[in-house]
Structure formats: structure tokens, C-alpha cells
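Student: One structure, pasted below without further comment.
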Amino acid sequence: MPVNSCNGDLVIVRDDGFRKDDLADCEHLTVEAELQGVESPVFLEISNDQDPDILIPSFCWLSAISIRFPDFVDGRGFSLAARLRQLGYTGRLRATGSLIADQYRLARQSGFDEVAISRRLAARQTEHQWLAQMDRVAMSYQSRLLKTTGPITEKPTGLRACLPGGIRGG
Amino acid sequence: MYRYSQFDDEFVRTRVAEFRGQVERRLDGSLSEDEFKPLRLKNGLYLQLHAYMLRVAIPYGTLNSRQMRQLAMIAERWDKGYGHFTTRQNIQFNWPKLRDVPDILDALADVSMHAIQTSGNCIRNVTADHFAGAACDEIEDPRPTAELLRQWSTDHPEFQYLPRKFKIAVTGSPNDRAVTRAHDIGLRMVRDDFGKPGFEVLIGGGLGRTPMIGMVARAFLPKDHLLPYIEAILRVYNLAGRRDNKHKARIKILVHETGRDIIRERIEAEFKRRLAVFPGIDPQLMEDIDASFRLPEFIDRPQDEHEGLLSSDPEYREWAEQNLTDHRQDGYRIVTVSLKAIGATPGDATSDQMRAIAAIAEKYAYDEIRVSHEQNIILPHVPLASMPGVYADLKAVGLAAANIGLISDIIACPGMDYCSLATARSIPVAQDIAREFNALELEKRIGHIKVKISGCINACGHHHVGHIGILGLDRAGVENYQITLGGDGTETAAIGRRAGPGFAADELLPALRRLIDRYLETRLDDRETFLACYRRLGEAPFLAALYPDNPRYAGEQL
Amino acid sequence: MPRKFTPKVITSNDLLEGDVIYLARDGEWVRDIRRAALYDDENEAISALACADSHRHRHVGAYLADAALNDEGLPDPVHFREVFRTRGPTNYFHGKQADS
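Chains as they are written, first to last, in our numbering: chain A, 1 to 170; chain B, 1 to 558; chain C, 1 to 100.
Okay, structure coming up:
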């Protein structure tokens, strides 16, 4: 069933700074909803213990996935994001919950495109505190260690036939 | 030795600047203490009993004279003129002020050092055999692997907020000097039947509240597969490790609760996926790492002076017998510098001592220094021709204690003298034991024995793997010490068994005397070590010695 | 049966210095336990701790620690851990014992 847990109170952090939540009015689904029946691009919210494999067949319909961080010290969302990317999900990926400015780089490097934070946190950790990390997004030991053959992702069967989602952010 | 690339240098500098900003943001309220705490811990900064404590990484325990001198400078300028070398091959400063810490980190960066990931729920500083590159029994030098893992784990975006801390140790020798079986991941370098290099991978070892010996996850992992396999372990752990109870959050509990076979399957499944997309390590980068650990050129020089002193100076002979280990190269020895002078705090060195060690390493020993997990300093490559000079210079600063492997060579955590988690003190216990058996002139007679003391259940003093382990507890507001027997941290690893009721502080030494006397009475000859004797006879005669008035144990005496 | 409340002081560590500090009667943080406020009443102690906890820009990790009046009528620590916190380590003459 569609669940609208979202409201206009979120501030979205991207590499170019704070912006309004353009997905606030979008149709929200949770995993329990029937993904197959949906034909328009949708926005799926998942918890950080979601099994990502069952989402593979729906990748083509998903324009955005949001992974919830119940607490900023609970790092499961980083691994889940990395796994979704490895499984071939190329749509928009958002981290929602209680991440702090100091984690923005980790989120970006794990595969997230953006972080959604509360207005309250945005007031305490202002835009420039989040932007302070931007120049370090590309600075990573992990990518430096690897042979430069370009990124490889697993290609689950059928994914190639998918059309890209309609509201990919950027 | 590994030298920082431009990337390493820029990374560490950026990280210092980031931490400087985080301190300011803590002070201006942008960061709450709850948010600041994990950030400061990832930069090695604890708040202890009396002050902050900064834990500086010494990756796989290796440093040079310039770095050692800088540690001495830091101790003098920002601390109280000493540092404490730890069981994870790091060094701790006990008295820094919050505002000074960014400057200290900058001073570390000046000599290619940092304090990154020496604490917090992330992959900690990687440890390795302290005899690496010098040991006779070495299959392959573990340091390039350890350096690769240092780089890979540093600021790994996926693994900065794990359920709990995560420790990795590497050894390249069949004789395990890195306690690999008591780590979250232990890597033992081995070769397969065709001589191809790889690792035996152990997971789920650890001491602390629930001590466990690691299980073999993979009997042979090809060297090239190391990173995807380790990432697979970490990902499985990060996603499935318990987060509801911090005492059950280590990977050992996940392995135990899930079952060994299921965990192995999950890791293998994740590994297959990761391997499929793993492009391999940049060969140039790996070659550069390998090249930086090439051994120095050893030269044969006359050893007449050394030979002469062996016969003319009994103190020198005793030191040489006790503190030197055979080297892979004829005419060379590995020197273990004891930080356990009788009555001293185990693992502590003053700034003057650090500078003296630096000067000796520079002058005689290829500018290489190691820190052992047993809280001593190692000079890995010392020509016998230079040994008399090394000894004289060490003696001049009180570092010539000839007690390596003896009862006074004790591992002890800082305990309640410094640590906010401690339930009792460790340091005075170590001091008392060393003084007592030294005064009795029993040390040499007792021979090889490992005594390890922890000031709380978290077991930083490795008491579970001590031949004699001592655990300090708080029993109704009084310090009380529990003894464990038969532990072993080597390739024949075993968790020690708790002997029985604990001892009050003033009962502990007499109890240890009875225990040691029993060993001396019952051993086959002076080649049978305490551990061997304990294994042969079982615990009964030792328990009877510990608890002579307790009928439950005394009955076993005959 | 609920345990009988024993007198407590409020203690913490200074944010900048890391040093052990105590809450005094006038709401100031002091370095000497003998100047600390001693709470005989449990509710009063708990509400004072909650109040102390709200100025977290000054200190880290405030808690209640058992204390008792000495012969001079000033608070002394009860538990050995708290005794060490008023002095410093036993292996070196460092910390509060050397400062005073």
C-alpha cells in the first residue's frame, strides 16, 4: 500500500548544497506494496535490514530508493547502499534519518546520491558544514588501490531491458 | 620501511584539518557530545579517568628513529614526558588537552604518522608479527599485507560504523607471535601444495567478556583474493552483527550464534559477488608497497668484541642470552629491548629513553624499530659486531633489563590507574610480581613464563592467553584478583581456565608464590616450562597450591 | 526493597582539560571534591544531575558518586575508583595529587 511517511520538513543535501525535497509529493511505497503493479516511476523507502536481492526485478520501476538510518552510529545503510549499487541499481539513492554532516562523504562513497535531514539538524549543522566535505568525496584509499579498469557492476538478468527511471535527480 | 606517498600525506593532513574543525564544532555546539564522541574516538582520542588519552597508531608496530624522536617530543611538549606502548603495538599519551590534540596530530603527520582508527567501532590499526622480516621461521614478510590492509581499511566508507570494533592481525611465520587466533580476523601466511602464497583466514577470535579462539574460515585463500574476501567478511558482519547489546556485538558472537557453517556460506556467497566485480589491486601500487619492505643489505663483520664480552661480562652474557633472538642472517640478532625493568610500569618509556632507542636504531640497526604486542621494543636487525655498543647505550638509559620471556616480562593494561573502564589496578600488581620474584632470585630458575594482567573483563592485558592470567575486579568496593591458568596466545592457542575464587590484593602475591613453588617442585627438569608442566599434570596440583585451605581443592594434593 | 539512598556528589570531566570536576553548591564546577555539594536527598540529587547535564558544553559524562563527610565536615570519596579520581595514578606522582 502506498505510504506517505514523507512531509515537506526534510532538507535534501547534495554536492551543491541544500535543496527542497522534490520527492515529497511523489508516490511513496514500502516493500510490502505490490511493486509489479506499478508502472509509473516510484519512490521506495526501505529499512536498513532489507534484503536487497528481492528488489532486483523491480529496479527498472524504481526511480528512487531511500534507506533509513535509525541512528547515525548504525552503519548498516552504508553496506546496503554499496550492495544495491553492486547489484546494478543505478537509480537515485537517498539516505534518510539521522546522518550527521561528518558522514556525508561516507554516504556518497557508499553509493548514495543525497542525504535527507530534518530542518532542525540543518539549522544546527549548516550548509557549509556539509559542503566542507565535498572536496573529499573523490579522495579515497579504496578506489586508489584498485586497477583502473573502470567500475564494474554485477548485471542481474533482465536489468538491461529496463528503462531508466523518470525522475533521476541531478 | 613504508614511506608515505603524496596521497598518504595529503590524506593525513586533510584528516587533521577535519578533526581540528570537529573540535571547534563541538565547542560551538554544532556537534553534541554524542555526535563528537565517535568522531574523536576514530581519531584515537579517549576521555579517561583523569584526563584525555591519545592513542597513536604504529601500523604493524614499525617505526623509524625520526618517528620515535617525534613521539619523545610530543610526550615532552604536550604530555608528562613519557608514553605507554600497548598490546596493539600502539603508543598512548595519558595527559593531552582537547585543544592541543589537533596540533599533536599535525606533529604526527610531520613524520608520516596518525591516530586514525585506533579506537571506535571501525577496523582498528592492523597488527603483525614484531619479528617480521627478521625471523628465521618466516614464510613471507607480513608487512606488505598489513600495509595494504592499513590503506584499504583507512576511512573505508562502508565500515566506519560497524556494530563494534574490529581487529585484524597478520603473521608470516608458523610460530604465531601476533596472537592471530584471538582477533576478529587473523591472517596466517601459508603456501598451497604448489607453493602459491596465500592465507589461512581465521575469524571470530577475541578475548574480552566472552573469550573465543578464532575458527578457520578458509584454509587457503589465494593472496590476490584477500581484499574481496575481507570485504565480504566485513559486509556480512556489518549487516548482520548484533547492535542491540554492545557486549554481544563482536563478530565472534555472530559466528557463535549463527553457526560456523552458515557464516562460512554467507561469506563465500558475498565473496563470489565481490570477486566478480573486483578489478584487482593496482600492480604498481602493490609493487611499491612490496619494495618498501625490502630487507637491508646485511654485511658480515667480525664479532670478536661480542664474543669477548660473552666470556668476560656476566651481565652482558645474561642480557644476550635472554634478550636476543636468532636472525635469518648469520652474524645478526633480533634485539628485544625490555620495557619491564624491575619495578617499572610495563610498556612505559620516557622521552629520554625513546630518544636513546632512536639513536641506537640509527647508529647500529638500519634505522628500524618495532613495538611488540608484549609491550617491548624490538630492534629487528642488529649485527653482532655492534651488539656491545647497543648494550652499553641501552644500559645508560636503564633499558638493559635482561628479562625477556621471564616472570617479570609482564603484559599489563593501564588498569584503574588511568582507564575509565577498569575495575581494578593492574600496574601495581605487575610491579609487585616483578619485585618479588626478582628479590627471591627465582626469575631465571622459573624460566619461560607469560604472566598477563587485565584491569577489567575487556582483557586488554590478554589475561586469557597468559600461562598465568590475572584479572582485576571490583568485589563490593575492594580490588580483587582472579587467576586463570593454562592460557596460550601462540599457534597452540588456548583460553586459560579460571582457577577459583579471587584473591584480595594482599593475598595475591603469596598465592602466586605457592603456585610457582608447586611448579618448581613438580616439573620434570628445568626445560619443562610452566605451561608444559601444567599441560602434563592438569590443573589439580596447581589449584591445591593456590587454595591450600579450601577442602574442595586441597584434596587433590596427593 | 528499595536500597537506601547514600549521599552523593555530582562529578564529571572537564570538556577542554579532561580533568575531574565536581559540582559545587553555587552551581560552579570545581576541581576539589571538598568543595563539592553533597546531596542527601535522592530527588534533589537526580534533579541537580539533570540540570548539570544540560550544560554539556562545559563537561562530559556527569554522574552521581558516593561520598561521605570527613572529620572536617567536607565530602570525601567512598569507592576506591573515586579515591583515585581525586588523586591521580598510583604509579607516578601525576594528576591532582601533584597539582595541589
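Positions of the beta carbon are idealized from the N, C-alpha and C atoms, including for glycine. Predicted, not measured: the structure shown is a model, and the values here were computed from it.
#1: In this structure, how does DSSP classify residue 78 of chain A when only helix, strand and coil are distinguished?
#2: Does the Cβ of residue 265 of chain B have 16 or more other Cβ atoms within 10 Å, making it buried, or fewer, making it exposed?
#3: Can you pull the chain F neighbours of residue 282 of chain B, defined as C-beta to C-beta under 8 Å?
#4: Only counting runs of 4 or more residues, tell me where the alpha helix (DSSP H) segments fall wholly within the region 197 to 230 of chain B, in order along the chain.
#5: Give a yes or no on contact between the region 409 to 425 of chain B and the region 49 to 58 of chain B, applying the rule of three or more CB pairs nearer than 8 Å.
#6: Just checking my contact of residue 403 of chain B with residue 443 of chain B at CB under 8 Å: how many whole Å lie between their CB atoms?
#7: Looking at chain A, which residues of the region 229 to 244 of chain B have a Cβ within less than 7 Å of any of its Cβ atoms?
#8: Please classify residue 353 of chain B as buried or exposed, where buried requires at least 16 other C-beta atoms within 10 Å of its C-beta.
#9: Measure from the alpha carbon of residue 281 of chain B to the alpha carbon of each residue in B:152, B:323, B:529 and B:160, then state which is nearest.
#10: Which whole-angstrom value describes the C-beta separation of residue 602 of chain B and residue 380 of chain B, a residue pair presumed to lie in contact below a C-beta threshold of 8 Å?
#11: Does residue 277 of chain B have its Cβ less than 9 Å from a Cβ in chain A?
#12: Any idea what DSSP makes of residue 271 of chain B, helix, strand or coil?
#13: Select from the region 321 to 346 of chain B all residues with a C-beta closer than 8 Å to any C-beta belonging to chain C, and list them in chain order.
#14: Let me see if you follow: with CB-CB separation under 9 Å, is residue 577 of chain B close to chain C or not?
#15: At a CB distance below 8 Å, what residues from the region 13 to 41 of chain C approach chain B? Give them in sequence order.
#16: CA-CA distance, residue 157 of chain B and residue 78 of chain A?
#17: Would a C-beta distance cut-off of 9 Å place residue 149 of chain B and residue 121 of chain B closer than the cut-off?
#18: Give a yes or no on whether the minimum CB-CB distance between residue 431 of chain B and chain C is below 9 Å.
#19: Note down, one range per segment and in chain order, each alpha helix (DSSP H) of at least 4 residues found wholly within the region 54 to 113 of chain A.
#20: With the cut-off set at 9 Å, would you say residue 58 of chain A and residue 109 of chain A are in Cβ contact?
#21: Less than 9 Å separating the beta-carbons of residue 61 of chain B and residue 335 of chain B?
#22: Once the 5 residues before and after residue 1 of chain B are set aside, which same chain residues still bring their CB inside 7 Å of it?
#23: Please name the residue or residues paired with residue 20 of chain C in a DSSP beta bridge.
#24: Between the beta-carbon of residue 317 of chain B and the beta-carbon of residue 384 of chain B, is there less than 9 Å?
#25: Compute the beta-carbon to beta-carbon distance between residue 430 of chain B and residue 453 of chain B, rounded to the nearest angstrom, for a pair I have assumed lies under 8 Å.
#26: Leaving out five residues before and five after residue 420 of chain B in sequence, what residues of the same chain have Cβ atoms less than 6 Å from its Cβ?
#27: Looking only at C-alpha atoms, which of B:467, B:41, B:216 and B:544 sits nearest to residue 532 of chain B?
#28: Give me the subset of the region 53 to 84 of chain B whose CB atoms are less than 8 Å from a CB atom of chain A, sorted by chain position.
#29: By alpha-carbon positions, which one of C:38, C:58 and C:13 ends up nearest to residue 67 of chain C?
#30: Could you pull out every residue in the same chain whose Cβ sits closer than 7 Å to the Cβ of residue 98 of chain C, ignoring the five residues on either side in sequence?
#31: How many angstroms separate the CA atom of residue 66 of chain B from the CA atom of residue 116 of chain A?
#32: On a CA-only basis, which of A:129, A:111 and A:125 is nearest residue 143 of chain A? Give me that one, please.
#33: Hey, could you find the ends of the beta strand (DSSP E) residue 92 of chain B is sitting in?
#34: Tell me, please, whether the CB atom of residue 70 of chain C is closer than 9 Å to any CB atom in chain B?
#35: Skipping 5 residues on each side, what residues in its chain have a beta carbon closer than 8 Å to that of residue 337 of chain B?
#36: Where does residue 5 of chain C fall in DSSP's three states?
Tutor: Based on what the coordinates show:
#1: helix
#2: exposed
#3: In the structure shown, chain F cannot be found, because the protein chains are A, B and C.
#4: none
#5: yes
#6: 6 Å
#7: 235, 238, 239 and 243
#8: buried
#9: It is B:152 whose Cα lies nearest to the Cα of residue 281 of chain B.
#10: No answer is possible for residue 602 of chain B: it lies beyond the span of chain B, which begins at 1 and ends at 558.
#11: yes
#12: helix
#13: 345
#14: Since the first residue shown for chain B is 1 and the last is 558, residue 577 of chain B is missing from the structure and cannot be characterised.
#15: 13, 15, 16, 17, 18, 19 and 20
#16: 7 Å
#17: Not in contact: residue 149 of chain B and residue 121 of chain B (Cβ atoms no closer than 9 Å).
#18: The beta carbon of residue 431 of chain B falls within 9 Å of a beta carbon belonging to chain C, placing the residue at that interface.
#19: 76 to 86 and 104 to 110
#20: no
#21: In this structure, residue 61 of chain B sits away from residue 335 of chain B, with a CB-CB distance that is not shorter than 9 Å.
#22: Excluding the 5 residues flanking it on each side, residue 1 of chain B has same chain C-beta neighbours closer than 7 Å at 62, 64, 292 and 368, in chain order.
#23: Beta-bridge partners assigned by DSSP to residue 20 of chain C: C:13.
#24: Cβ distance not < 9 Å, so residue 317 of chain B and residue 384 of chain B don't count as in contact.
#25: 6 Å
#26: 48 and 49
#27: B:467
#28: none
#29: Nearest C-alpha to residue 67 of chain C: C:38.
#30: 88
#31: 46 Å
#32: Checked all of A:129, A:111 and A:125; the closest Cα to residue 143 of chain A is A:111.
#33: 91 to 93
#34: Not closer than 9 Å to any Cβ of chain B, the Cβ of residue 70 of chain C fails to qualify, so no.
#35: Contacts found: 323, 357, 376, 377, 378, 379, 394 and 399.
#36: coil
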